[in-house]
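Numbering (our numbering), first residue to last: 373 to 573.
We treat Cβ as the ideally placed atom computed from N, Cα and C, and that holds for glycine.
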């Protein structure tokens with residue numbers, strides 16, 4: 373079984389901050405890599421990696437920011453990107469794909485940790501900037517939004533209820549709901565919280 377928690381936090385100008393946590397592959401025989409796929413589509417126009425346009429086909433594993441065809445992504449750890457010609461279809465097409473690898477968590481973390489196999493995998497966070505017609509528009513939006521994640525984890529109480537908590541610093545009041553009752557949070561210093569739970573059973 374494969375499981376994870378994902379939270380979307382929505383900001384002005386259609387900017388989204390995404391947190392992925394509690395990623396676990398419980399199949400002991402799995403050798404599959406674990407990725408968060410940001411997007412894949414036909415390649416259309418310029419690709420900007422870390423603020424610079426790229427002209428040739430290839431793979432990029434160390435992008436902190438990425439923009440292509442009206443959508444941009446930004447994060448701390450690196451984004452991977454691939455752009456080139458797909459030979460799977462009858463008529464070759466130029467394809468674009470972007471992803472974030474989730475490395476396997478170990479007791480002694482290593483820079484060379486893999487992102488495949490059973491076990492727990494590293495949480496990630498990233499911001500999405502859809503509907504940005506030009507790269508300069510992405511730069512403008514990104515300069516005005518600096519979410520800082522305070523907490524991106526999960527915890528379980530004695531009753532078997534699993535709470536996934538994500539707290540992001542931003543001047544916003546957040547309303548959330550579960551089980552038919554609303555939970556309104558006004559957190560100090562403009563913190564924003566996203567919560568979800570799994571009921572017992």
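When the distance is taken between beta carbons, is residue 505 closer than 8 Å to residue 446? no
Cβ contact (3+ pairs, closer than 8 Å) linking the stretch 490 to 507 and the stretch 469 to 478: Contact holds: three or more Cβ-Cβ distances are below 8 Å.
Using three-state DSSP, classify residue 386 as helix, strand or coil. Helix at residue 386.
Decide if residue 433 is buried, meaning its Cβ has at least 16 other Cβ atoms within 10 Å, or exposed. An exposed status is given to residue 433, since fewer than 16 other beta-carbon atoms sit within 10 Å of its beta-carbon.
Could you pull the start and end residues of the beta strand (DSSP E) that residue 413 belongs to? 407 to 414
In the structure shown, what three-state DSSP assignment does residue 446 receive? strand
Taking the beta carbon of residue 508 as the centre, do at least 16 other beta carbons fall within 10 Å, making it buried, or is it exposed? Residue 508 is exposed by the Cβ-count criterion.
At the level of alpha carbons, what is the spacing between residue 512 and residue 489? 39 Å
State buried or exposed for residue 380, treating a residue as buried only when at least 16 other CB atoms are found within 10 Å of its CB. exposed
Consult DSSP for residue 514 and reduce its assignment to one of helix, strand or coil. helix
Does the beta-carbon of residue 501 have 16 or more other beta-carbons within 10 angstroms, so that it is buried, or is it exposed? buried
Could you pull the DSSP bridge partners for residue 398 from this structure? DSSP links residue 398 through a beta bridge to no other residue.
Looking at the unbroken beta strand (DSSP E) that takes in residue 430, where does it start and where does it end? 430 to 440
Between the stretch 464 to 474 and the stretch 404 to 417, can you find at least three pairs of beta-carbon atoms closer than 8 Å? With the rule of 3 Cβ pairs closer than 8 Å, the stretch 404 to 417 counts as touching the stretch 464 to 474.
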